[in-house]
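Numbers given in my numbering equal positions in the sequence shown, counted from 1, plus 1491.
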Amino acid sequence: MMNRVTVSGLRLPLASALVPYRSLARLPAHSCRGFATQHQQTTSETRRRSVTPFNDNGNVPWSELSASEKTGRAAQQTFNFGMVILGVALTGGVVYVLYSEVFAPESRTNYFNRAVDRIRTDPRCVELLGSGKKITAYGEETNNKWQRARPIASTKSKDGHGLEHMMIEFNVQGPKGTGRVGIHLVKRPSDAEYEYKYFFIDIKGHERIYLENADASKAKDALAKGFKMFGVKWS
1492 MMNRVTVSGL RLPLASALVP YRSLARLPAH SCRGFATQHQ QTTSETRRRS VTPFNDNGNV
1552 PWSELSASEK TGRAAQQTFN FGMVILGVAL TGGVVYVLYS EVFAPESRTN YFNRAVDRIR
1612 TDPRCVELLG SGKKITAYGE ETNNKWQRAR PIASTKSKDG HGLEHMMIEF NVQGPKGTGR
1672 VGIHLVKRPS DAEYEYKYFF IDIKGHERIY LENADASKAK DALAKGFKMF GVKWS
């Protein structure tokens, strides 16, 4: 006679009721080890790696950092801030140099461009150098044609009276000849721009051409106004 077991109100043969338990008993051992390994991996993944200045991306909150990790993050942020300040300073320096040397009204580049434009339109210069549209200007003369775009020679200084002096020299060339240009500019402390003391061009085989000559202008004005000697005005 077959033994029966009652399961959830049903009477089943005893052999059928024991099948699930026998199946569990026959499970391979490596399956159990797999569960343990998976659990260990999950536990290790939840552990974060140590934060250093080289791998810190800011995802770990400050409150969860150790003392050494906080020191590393502070060092990293200080370095980054310093690099930003350095970049701003360098950018400001470049902008200042560009403005003072190129764009400012009193820059040497501005006065150089003005001088070249005046030479190209001056009838005396055009007669000796050639067409103003074909007159070019360049720095120190050289035998290498690829080096003619050298920086223009210029100096700035201040005398004992507080006057600022700017000296500019460069070369010009036209279809008919070449010339050497000399410019002397003076700026008083109360003035915003320089004034010409002299502006001339020397062309080989010809007399010096003055486009500006402050000393000669003053002498001419004084002569035109006349002067007094022994109470008598002479003209």
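We put the CB at the ideal spot given by N, CA and C, even for glycine. Note that the structure is a prediction, hence the values are computed from the model and not measured.
Query, Result
"Between L1577, S1541, Q1568, T1569, which has its C-alpha nearest E1560's C-alpha?", "S1541"
"Take A1565 as the anchor and find which of A1580, V1551, E1684, P1544 has the nearest alpha-carbon.", "P1544"
"Rounded to the nearest angstrom, how far is the Cβ of T1627 from that of V1663, given a contact under 8 Å?", "7 Å"
"Restricting to runs no shorter than 3 residues, where is the beta strand (DSSP E) found entirely within the segment 1622-1675?", "1627-1629, 1644-1649, 1655-1664"
"Would you call the segment 1652-1672 in contact with the segment 1690-1701, where contact means no fewer than 3 C-beta pairs closer than 8 Å?", "yes"
"From R1699, P1614, A1705, T1569, pick the residue whose C-alpha is nearest to that of E1686; which is it?", "A1705"
"Ignore the nearest five residues each way along the sequence and tell me which others in V1607's own chain have a CB closer than 7 Å to its CB.", "A1628"
"Of the residues N1604, E1703, D1650, which one's Cα is nearest the Cα of P1680?", "D1650"
"For P1642, which residues of its own chain have a beta-carbon under 7 Å away from its beta-carbon, when the five flanking residues on both sides are left out?", "G1630"
"Assuming the contact rule is C-beta atoms closer than 8 Å, L1702 and K1667 should be a hit. Round their C-beta distance to whole Å, please.", "At roughly 18 Å, the Cβ-Cβ gap does not stay under 8 Å, so L1702 and K1667 are not in contact."
"Find the nearest neighbour of T1600 within the set G1578, I1576, F1661, K1625, judged by alpha-carbon distance.", "F1661"
"Quick check: the Cα distance between H1652 and K1688, rounded to an integer number of angstroms?", "16 Å"
"Classify S1708 as buried or exposed, calling it buried when 16 or more other Cβ atoms lie within 10 Å of its own Cβ.", "exposed"
"Which of the three DSSP states, helix, strand or coil, is assigned to Y1602?", "helix"
"Given that a residue counts as buried once 16 or more other Cβ atoms are within 10 Å of its Cβ, and exposed if not, what is M1657?", "buried"
"So, is R1699 buried or exposed, given that buried needs 16 or more other C-beta atoms within 10 angstroms?", "exposed"
"Using the three-state DSSP reduction, which class does T1543 fall into: helix, strand or coil?", "coil"
"Between which residues of its own chain and C1616 is the CB-CB distance below 7 Å, once the five residues before and five after are set aside?", "I1610, I1692, I1700"
"According to the neighbour-count rule (16 or more other Cβ atoms, all chains shown, within 10 Å of its Cβ), is I1576 buried or exposed?", "exposed"
"Is the Cβ-Cβ distance between G1573 and D1547 less than 8 Å?", "no"
"Looking only at its chain, what residues have a beta carbon closer than 8 Å to the beta carbon of S1622, apart from the 5 residues adjacent to it on each side?", "G1665, P1666"
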